[in-house]
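For the sequence shown, this note's numbering assigns the number 20 to the initial residue and increments by one for each residue that follows. Where is the CB? At the ideal position from N, CA and C, for every residue including glycine. Because the structure is a prediction, the values reported are computed rather than measured. Structure, as structure tokens:
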Amino acid sequence: MNKSMCICSEEYFGNHCEHRQTRIDISFHSKLIIPPSLIVHFITISNETYPIRSSTKKKISWDQHVLTFNTSIRFHIAFAEMFNSYYLSILREQIIVSAIISTQIIPSHRCLSIHELFNKTLVNRHLLRRIKYYHMPCQTRFDLVCFYDDVHFCLCDLFRRTNCFEFDHNMTYDCRGYNVCENGGQCFMDDPKCPTSTACVCQDCYYGSRCQFSTKGSTLSLDTIVGYQIRPNIDINRQPFIVKVVLILTMIIFILGIISSLLSCLTFQRENSQTVGCGIYLYTSSITSIIMFCIFTVKVCLLLMSQLGSIKNHVFMYIQCISIDFLLQILLSTNDWLCAWVAVERAVSIFQGVRFNKTKSKQIARWIICITLLFNIITYIHDPIHRYLVDDVDEQRTWCITKFSVSFQLYDWLLHLFHFSIPFSINCISTLIIIIFATRIRSTIHQKQIYRKILREQIHQHKHLLISSSVLVLIAVPRLIISFLFECMKTARNPWLYLVGYFIAFIPSMLTFFLFVLPSKVYKEELIKSIQHVWPYET
Numbered sequence: 020m021n022k023s024m025c026i027c028s029e030e031y032f033g034n035h036c037e038h039r040q041t042r043i044d045i046s047f048h049s050k051l052i053i054p055p056s057l058i059v060h061f062i063t064i065s066n067e068t069y070p071i072r073s074s075t076k077k078k079i080s081w082d083q084h085v086l087t088f089n090t091s092i093r094f095h096i097a098f099a100e101m102f103n104s105y106y107l108s109i110l111r112e113q114i115i116v117s118a119i120i121s122t123q124i125i126p127s128h129r130c131l132s133i134h135e136l137f138n139k140t141l142v143n144r145h146l147l148r149r150i151k152y153y154h155m156p157c158q159t160r161f162d163l164v165c166f167y168d169d170v171h172f173c174l175c176d177l178f179r180r181t182n183c184f185e186f187d188h189n190m191t192y193d194c195r196g197y198n199v200c201e202n203g204g205q206c207f208m209d210d211p212k213c214p215t216s217t218a219c220v221c222q223d224c225y226y227g228s229r230c231q232f233s234t235k236g237s238t239l240s241l242d243t244i245v246g247y248q249i250r251p252n253i254d255i256n257r258q259p260f261i262v263k264v265v266l267i268l269t270m271i272i273f274i275l276g277i278i279s280s281l282l283s284c285l286t287f288q289r290e291n292s293q294t295v296g297c298g299i300y301l302y303t304s305s306i307t308s309i310i311m312f313c314i315f316t317v318k319v320c321l322l323l324m325s326q327l328g329s330i331k332n333h334v335f336m337y338i339q340c341i342s343i344d345f346l347l348q349i350l351l352s353t354n355d356w357l358c359a360w361v362a363v364e365r366a367v368s369i370f371q372g373v374r375f376n377k378t379k380s381k382q383i384a385r386w387i388i389c390i391t392l393l394f395n396i397i398t399y400i401h402d403p404i405h406r407y408l409v410d411d412v413d414e415q416r417t418w419c420i421t422k423f424s425v426s427f428q429l430y431d432w433l434l435h436l437f438h439f440s441i442p443f444s445i446n447c448i449s450t451l452i453i454i455i456f457a458t459r460i461r462s463t464i465h466q467k468q469i470y471r472k473i474l475r476e477q478i479h480q481h482k483h484l485l486i487s488s489s490v491l492v493l494i495a496v497p498r499l500i501i502s503f504l505f506e507c508m509k510t511a512r513n514p515w516l517y518l519v520g521y522f523i524a525f526i527p528s529m530l531t532f533f534l535f536v537l538p539s540k541v542y543k544e545e546l547i548k549s550i551q552h553v554w555p556y557e558t
């Protein structure tokens, strides 16, 4: 007769599932940042052998504040490892089977390195000459519960005596050679003797059940920033706060952006508004802004629907994956360049004065617009080529990701730096040129007037030129800081900074009407005439 075999649920173990596993609830002190995953090292003390170590990794979702898991490992000591720091979590004299343990990771239970306890001279000594001083930290620091060196872990007992055991900090976690984790991720088994599942601990800037996704790069897509925040198969009302914020901001950006762009179109479509190249640049910018705000709103809706599980068609999802972010990048970059060309032409007109050729400026503007649009398409064409749909089986989601080689990663970073820094620099330089040359011209004509007085007069006279350039520069500064000083988004738990950086990119296109039309008396008059032409009324 064949022997029967029992397959136990997660909470039980044994030949007949007769034993309940030990349940551990781990919470986190308010002063500690909750990590995306936690490594727990179990130490079992034996009088016959050296202490036995077993390590396991548990994933912590972004909205989880208490980690609960079951284990069949019989242990006396448990250390929690997060952000390259160790915390003493559980310490007990006797092993109690099927226990329910609640503990909290607190700052005072952090295990210190010997580099924090001893001076450099003592640390650099040979282990045999250094270890005889290991009794001192426990006796001199009553708040110390544990410390470690390169090969040992030491505990301070109730009598302030030091008990040390060997601990390999550089242990390789590769699931016995069957490591499924990508990008240098470490593979952990739920049980060292009889594993039933594996889990990956990802390096910084990588995420996903197999560490297959990256948050590296100078720009992050909305999928990466808030994708994990969207809970599948749950209606909008029960979605997290950040998802609701994204929807509200999207509606605000769409409404204000469309209104601003339509009013700008009404202004700059008139012949009197296009007497110089600036009007043509701003008219083109208004049209691209309308298209961009529509695509952006579609992007947010499709992201929400795909993560909620409403969209299942892979062909449709792949088409929107390779097209929408590509188009958004082109339109955003084109608008940045068009604003820069406006600033250049205004600076040139101030510099040339009466010699400024309006007809030639319009011809140049048409050529520059075509070249700018073509240049942006060519430089960003690598993005859709490297976009893929990835099915995350563990999360039951489908992701749109970009996967670059090292060389293309560098190219992408340099490209975004170029498309951002050059228009930014042009706006800064043009603003200075407008002020300096206008003041010089006026001071040459009126030599007896005080320079400071002339400077104030010129700033007031050209305030509509200065306001637009200055505001664009101020908006660009936080984008610069967020995009290039922060290497990547290290955790999905705190995406706010990157979300702000993402939405800031749309602000310049929203403000076209407020920056270029309202401060200008000429443009305001043209707007009124255009409105009267579209909606005539009897006086």
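Cβ shell of residue 119 (< 6 Å), same chain only, five flanking positions each side left out:
42
To the nearest angstrom, how far is it from the Cα of residue 106 to the Cα of residue 356?
C-alpha separation (whole angstroms): 51 Å.
Indicate the three-state DSSP secondary structure (helix, strand or coil) for residue 53 in the structure shown.
coil
Pick helix, strand or coil for residue 270, following the three-state DSSP scheme.
helix
What is the rounded straight-line gap between the Cα of residue 379 and the Cα of residue 422?
44 Å
For residue 188 and chain B, any beta-carbon pair shorter than 9 Å?
Checking the listed chains, one finds no chain B in this structure; it contains a single protein chain.
Tell me the rounded alpha-carbon separation between residue 535 and residue 399.
28 Å
Do residue 162 and residue 127 have their beta-carbon atoms positioned less than 9 Å apart in this structure?
yes
At the level of alpha carbons, what is the spacing between residue 76 and residue 441?
Their backbone Cα atoms lie some 45 Å apart in a straight line.
Beta-ladder partner(s) of residue 59, from DSSP:
75 and 99
Could you have a look at residue 439 and say whether DSSP puts it in helix, strand or coil?
helix
DSSP state of residue 253 mapped onto helix, strand, coil:
coil
For the stretch 170–251, list the beta strand (DSSP E) runs that are entirely contained and at least 3 residues long, ordered along the chain.
171–175, 181–185, 205–208 and 217–220
Look at the alpha carbon of residue 361 and the alpha carbon of residue 336, and state the distance between them as a whole number of angstroms.
38 Å
By DSSP's criteria, residue 87 is part of a beta bridge. Which residues make up the other side?
Residue pairing by DSSP places residue 87 opposite 44 in a beta bridge.
At least three beta-carbon pairs within less than 8 Å, the stretch 60–73 to the stretch 171–185:
yes
Mind checking which residues open and close the alpha helix (DSSP H) that includes residue 551?
540–553
According to DSSP, is residue 68 helix, strand or coil?
coil
Starting from the Cα of residue 453, find the closest Cα among 366, 437, 404 and 419 and give me that residue.
When only C-alpha atoms are compared, the closest one is 366.
What's the C-alpha gap between residue 338 and residue 139?
For residue 338 and residue 139, the distance between alpha carbons rounds to 59 Å.
Decide if residue 552 is buried, meaning its Cβ has at least 16 other Cβ atoms within 10 Å, or exposed.
exposed
Nonlocal neighbours in the same chain, by C-beta distance under 8 Å from residue 44, ignoring five residues either side
Counting only Cβ-Cβ distances below 8 Å, and skipping sequence neighbours, we find 85, 86, 87, 119, 120, 121 and 122.
Taking all protein chains shown into account, do 16 or more other C-beta atoms lie within 10 angstroms of the C-beta of residue 545, making it buried, or fewer, making it exposed?
buried
Exposure of residue 348, with buried meaning 16 or more beta-carbon neighbours within 10 Å
buried
Would you kindly check if the distance between the Cβ of residue 317 and the Cβ of residue 266 is under 9 Å?
no
DSSP on residue 368, reduced to helix/strand/coil?
Three-state result, residue 368: helix.
Going by the DSSP bridge assignment, what does residue 166 pair with across the sheet?
131 and 173
Hey, how far is the Cα of residue 104 from the Cα of residue 57?
11 Å
If we call anything under 9 Å between Cβ atoms a contact, is residue 219 one with residue 200?
yes
Inter-residue CB distance, residue 204 and residue 251 (contact presumed, cutoff 8 Å)
Contact between residue 204 and residue 251 does not hold, since their C-beta atoms are separated by about 24 Å, which reaches or exceeds 8 Å.
Please list the segments of the alpha helix (DSSP H) lying wholly inside the stretch 295–381, counting only runs of 4 or more residues, in order along the chain.
296–327 and 333–371
Using 10 angstroms around the beta-carbon of residue 177, count the other beta-carbons present and answer buried if the total reaches 16, otherwise exposed.
Burial call: exposed.
Report all residues from its chain with a CB closer than 7 Å to the CB of residue 157; omit the five preceding and five following residues, and keep chain order.
Within the same chain, 163, 175, 179, 180 and 181 come within 7 Å of residue 157 by CB-CB distance, once the 5 residues on both sides are set aside.
Let's see if you can read the secondary structure: which residues bound the alpha helix (DSSP H) around residue 521?
515–523
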